[in-house]
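> Can you keep this structure in mind? I'll have questions shortly.
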Amino acid sequence: MKTFRLVSLSVLPDSPSEEEIVEVDLIEGLIINREDNDRRWIIEAFIDKSYTDLFTTYKASNRELQLRVKITDESNEPAFVVATIMSINVLSEHLSVLFDAKIARTKFVNSEVILAQLLQQGLQGEELLKQFNHLVHQERKKLKTVK
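Using my numbering, read the sequence shown as starting at 94 and increasing by one per residue.
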């Protein structure tokens, strides 16, 4: 198994109209490649106790979460994973959340996520359209260079 430092974690909405992107303030985090046949990863996020209700609700619903993570360095491109919460451990002042995850192989620009982020930033009208087109174009260029 290979272990990497988790440097950012965001919970993405299932669709932009449902909810906002939750940018989780990490205290520490690890992401472990299990190197199994199912290509699963374990993610541990050590976060503030203020997230207890949110993650307890997610765990109780037993739904798959769409996560955006950055590994090793903040300047790295984010990876998108589909995850379920395995456990939540409440510590004295912090929370440890353990996820079972699979990397989402995206070969397309996730325009819904981009749009949700821009709306969350409060952009509207022409400025929204301009930023959206710019970001989608950037993402498409990145995908072309990856192939």
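The C-beta atom is built at its ideal place from N, Cα and C for all residues, glycine as well.
Over the uninterrupted beta strand (DSSP E) stretch that includes K163, give me the two end residues.
Run containing K163: L158 to I164, per the beta strand (DSSP E) assignment.
> At the level of alpha carbons, what is the spacing between V239 and E186?
Note that V239 scores 42 on pLDDT, short of 50, meaning its location in the model is unreliable; the coordinates nonetheless yield the value given after this. Taking the straight line joining both Cα atoms gives about 42 Å.
> Taking D118 as part of the alpha helix (DSSP H), name the residues at either end of that continuous run.
First-last for D118: undefined, no H or E at that position.
> Classify L222 as buried or exposed, calling it buried when 16 or more other Cβ atoms lie within 10 Å of its own Cβ.
So L222 ends up on the exposed side.
> Within 10 angstroms of the Cβ of G215, are there 16 or more other Cβ atoms? Answer buried if so, exposed if not.
G215 is exposed by the Cβ-count criterion.
> Check this for me: beta carbons of I136 and L119, under 8 Å apart or not?
No, these two residues do not count as a Cβ contact at 8 Å.
> For Y151, I'd like the list of residues in its chain whose CB is within less than 8 Å of its CB, leaving aside the five on either flank, ordered along the chain.
Taken in chain order, the residues that qualify are V104, L158 and I178.
> Use the C-beta contact count for A153: other C-beta atoms within 10 angstroms, 16 or more gives buried, fewer gives exposed.
When all chains shown are included, A153 counts as exposed.
> May I have a chain-ordered list of the beta strand (DSSP E) segments no shorter than 3 residues that lie completely inside the region 171–230?
Listed in chain order, the complete beta strand (DSSP E) runs (minimum 3 residues) inside the region 171–230 are 172–183 and 187–196.
> Cα-Cα, which of L160, K142 and N130 is closest to M94?
Checked all of L160, K142 and N130; the closest Cα to M94 is N130.
> Relative to the C-alpha of S204, which candidate in H230, S180, L188 and V183 has its C-alpha closest?
That would be H230, whose Cα lies nearest to the Cα of S204.
> How is S101 classed by DSSP in three states: helix, strand or coil?
Here S101 sits in strand by DSSP.
> Let me confirm a value: Q217 is counted as buried when at least 16 other C-beta atoms fall within 10 Å, else exposed. Which label applies?
It counts as exposed.
> Where does V190 land, buried or exposed, given buried means 16+ other C-beta within 10 angstroms?
It is buried - the Cβ of V190 has at least 16 other Cβ atoms within 10 Å.
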